[in-house]
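**Student:** The numbering used here applies: residue 44 is where the sequence shown begins, and numbers increase by one.
Beta carbons are placed, not taken as given, at the ideal position from N, Cα and C, and that holds for glycine.
Structure incoming, see below.
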Amino acid sequence: MKLQVKFSLYNAITKIAIIVILGSIILFSIDRIAYHQLDNRLIKKKGKIIKNLNDAEIDSLLNNEQTFTDYNILKEEFIILTDIPDNQADSSAKIITERREIEGDIEFYRILNYKFLYHSNWYKLELGESMTALQSIKNSIRFYMLVVLFASLLVTLLTDFAFTNFLLKPFYLIIDKKINKVDDPTHFNYQNIRTNTDDFKILDNSINSLMRKINTLFALEKQFIANVSHELLTPISILSTRFENMLSTPDIPVEHENKIFASLKTLSRLKVIINSLLLISKVENNQYLKTEKIDLQDELNDIYSDLEDKISDKNLKYTIDLKEDFYFKGNKALVHTLLTNILSNAIKYNNSGGEIHVVGKTEDHNFNLTISDNGKGMSHEVLENAFDRFKRGNTEENGFGLGLAIVDSIAKFHKIEVKIRSVENEGTSVNLIFPEAD
44 MKLQVKFSLY NAITKIAIIV ILGSIILFSI DRIAYHQLDN RLIKKKGKII
94 KNLNDAEIDS LLNNEQTFTD YNILKEEFII LTDIPDNQAD SSAKIITERR
144 EIEGDIEFYR ILNYKFLYHS NWYKLELGES MTALQSIKNS IRFYMLVVLF
194 ASLLVTLLTD FAFTNFLLKP FYLIIDKKIN KVDDPTHFNY QNIRTNTDDF
244 KILDNSINSL MRKINTLFAL EKQFIANVSH ELLTPISILS TRFENMLSTP
294 DIPVEHENKI FASLKTLSRL KVIINSLLLI SKVENNQYLK TEKIDLQDEL
344 NDIYSDLEDK ISDKNLKYTI DLKEDFYFKG NKALVHTLLT NILSNAIKYN
394 NSGGEIHVVG KTEDHNFNLT ISDNGKGMSH EVLENAFDRF KRGNTEENGF
444 GLGLAIVDSI AKFHKIEVKI RSVENEGTSV NLIFPEAD
């Protein structure tokens, strides 16, 4: 999960928690206040009624009956006066919440019960107010609280997401411009990203400092490669020339001639190893350009011409089937080397009379080139180390274990994905997945 999303979620959750807690406190307080106000109103009404009560009014209210009941037209309030026996007398006032039925309607009321003595007679006064209005207010408050809660959640998520996006924009610029888009330290842009956040400034300066060190080491490595090219290959060429001149000497003993041939062979092998390692190093250090337009069909045809003799010597069936033309930008010489190494292995480790099939087609916007054979194949252990340097699957064959290492380096340089499937004694299939052409 991205840091921006985490910030937004954290802020939203904390604000929702605060709103819920405050809302609960408000609801509880409103409930208490409403009951308190309602109870005070009932007590005041009771006081006014008792204060203004006289014999005529009591006689009028009771009208020679034991109970008087009165309520307003909306049934929101009622008054009940009852003549009670003396033995039930209790002059304390009690307030309760109770469900009452008035003319068939059942509602909850807040009721004040008060028993009083008037002219040696005990009476019970009941004053009630409907809870419907109060409950309606509470429901309205709950509803609006939920509306406010969800609105706050939405606004919080949007505003926090926008703010964190603004806040982290320099960070993403640093990651994008100074890490993701950097392939060559020599072309690194050391200009600082504009930001007011000290932490991002420290990060930016640290990356710049690190890239300066890498650039220095990169320059030293380039210099080392150049020195190796000169200091190693030049003596090898001189020795090879001297040995060849010695072979042209008349009357050279056969024993010496064999030793000279062996030395020339060793020098040749050493030269191939050095050139292969130099090639891998240069490719991995991006010392080649990728500006040439490459026709994959033409490259495969050229390589077939180069390897035609080897294919004929083993009597191999060789087919090329590209479903469509494919062009891409890269380094033509390196791509030629990549394909040559794969096809050379398919020939070298194939059986006499075997088959090699080259098939190309577009799948999921990428061009897939598959080179398969029905040769010796590789075991699972060998396949795991296929791209490691100086490791060969078959020690009986000539080679140095650098062919697939070169393939791997060139493929990564061109952003080509390489997949190898192999079954021992059944064959090998190498799948090259080219990136979508520009």
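Among residues of its own chain, excluding the 5 on either side of residue 479, which ones have a beta-carbon nearer than 7 Å to its beta-carbon?
**Tutor:** 408 and 409
**Student:** Would you kindly work out how many angstroms separate the C-alpha atoms of residue 188 and residue 69, rounded to a whole number?
**Tutor:** 10 Å
**Student:** Per DSSP, residue 182 forms a beta bridge with which residues?
**Tutor:** BP columns for residue 182 are empty, so no partner.
**Student:** Looking at C-beta atoms only, is the number of pairs between the segment 356 to 366 and the segment 322 to 331 that lie closer than 8 Å three or more?
**Tutor:** no
**Student:** Please list the terminal residues of the continuous alpha helix (DSSP H) segment that includes residue 456.
**Tutor:** 446 to 456
**Student:** If I follow the unbroken alpha helix (DSSP H) through residue 71, where does it start and stop?
**Tutor:** Looking at the DSSP string, the run of the alpha helix (DSSP H) that includes residue 71 is 46 to 94.
**Student:** Return the CA-CA distance between residue 425 and residue 234, expressed in angstroms with no decimal places.
**Tutor:** 47 Å
**Student:** Considering only the alpha carbon of each residue, which of 172, 264 and 128 lies closest to residue 144?
**Tutor:** Out of 172, 264 and 128, 172 has the C-alpha closest to the C-alpha of residue 144.
**Student:** With a threshold of 8 Å, are at least 3 pairs of Cβ atoms found where one atom belongs to the segment 454 to 465 and the other to the segment 375 to 389?
**Tutor:** yes
**Student:** Does DSSP put residue 419 in a helix, a strand or coil?
**Tutor:** coil
**Student:** Measure the beta-carbon distance from residue 65 to residue 161 and round it to whole angstroms, keeping in mind my assumption that it falls under 8 Å.
**Tutor:** Not really, about 49 Å apart at Cβ, beyond 8 Å.
**Student:** In whole angstroms, what separates the C-alpha of residue 403 from that of residue 60?
**Tutor:** 59 Å
**Student:** Is DSSP giving residue 259 helix, strand or coil here?
**Tutor:** helix
**Student:** Assuming residue 304 is part of the alpha helix (DSSP H), what are its boundary residues?
**Tutor:** 297 to 327
**Student:** So the candidates are 283, 467, 231 and 347; which of them puts its Cα closest to the Cα of residue 259?
**Tutor:** Closest by alpha carbon: 231.
**Student:** Who are the Cβ neighbours of residue 190 in its own chain at under 8 Å, not counting the five residues just before and after it?
**Tutor:** none
**Student:** In angstroms, rounded to a whole number, what distance separates the CA positions of residue 415 and residue 470?
**Tutor:** Approximately 7 Å between the Cα atoms of the pair.
**Student:** In the DSSP assignment, the beta strand (DSSP E) including residue 370 goes from what residue to what residue?
**Tutor:** 370 to 373
**Student:** According to DSSP, is residue 200 part of a helix, a strand, or is it coil?
**Tutor:** In the three-state scheme derived from DSSP, where H, G and I count as helix and E and B as strand, residue 200 is classed as helix.
**Student:** Alpha carbon to alpha carbon, how far is residue 255 from residue 249?
**Tutor:** 10 Å
**Student:** When you compare each of 268, 76, 157 and 279 to residue 306 by their alpha carbons, which one comes out closest?
**Tutor:** 279
**Student:** Starting from residue 343, trace the alpha helix (DSSP H) in both directions and tell me its first and last residue.
**Tutor:** 339 to 356
**Student:** With residue 127 and residue 158 assumed to form a contact (beta carbons below 8 Å), what rounded beta-carbon distance in angstroms separates them?
**Tutor:** 7 Å
**Student:** Whole angstroms are fine: how far does the CA of residue 228 sit from the CA of residue 252?
**Tutor:** In a straight line, the C-alpha of residue 252 is about 12 Å away from that of residue 228.
**Student:** With respect to the beta strand (DSSP E) encompassing residue 154, which residues constitute its N-terminal and C-terminal limits?
**Tutor:** 148 to 161
**Student:** Roughly how many angstroms separate the alpha carbons of residue 472 and residue 389, rounded to a whole number?
**Tutor:** 9 Å
**Student:** If we ignore side chains and look at the alpha-carbon of each, how far apart do residue 52 and residue 193 end up?
**Tutor:** 14 Å
**Student:** When DSSP builds the beta bridges, which residues end up paired with residue 166?
**Tutor:** 126 and 159
**Student:** Okay, do the segment 70 to 87 and the segment 211 to 223 touch, 3+ Cβ pairs below 8 Å being the bar?
**Tutor:** Segments in contact, no.
**Student:** Are there three or more Cβ pairs, one per stretch, closer than 8 Å when the segment 166 to 181 is compared with the segment 71 to 81?
**Tutor:** Using a Cβ-Cβ distance cut-off of 8 Å, the segment 166 to 181 and the segment 71 to 81 are in contact, since at least three pairs of beta carbons, one from each stretch, lie closer than that value.
**Student:** Going by DSSP, what residue range makes up the beta strand (DSSP E) through residue 474?
**Tutor:** 470 to 477
**Student:** Have a look at the DSSP bridge pairing and note the partners of residue 136.
**Tutor:** 157
**Student:** Cβ of residue 465 within 9 Å of Cβ of residue 396?
**Tutor:** For residue 465 and residue 396, no; Cβs fall outside 9 Å.
**Student:** How would you label residue 240, buried or exposed, when you count the other beta carbons within 10 angstroms and need 16 or more for buried?
**Tutor:** So residue 240 ends up on the exposed side.
**Student:** Please confirm whether residue 335 and residue 374 have their CB atoms less than 9 Å apart.
**Tutor:** yes
**Student:** Would you check if the distance between the CB atom of residue 169 and the CB atom of residue 140 is smaller than 9 Å?
**Tutor:** no
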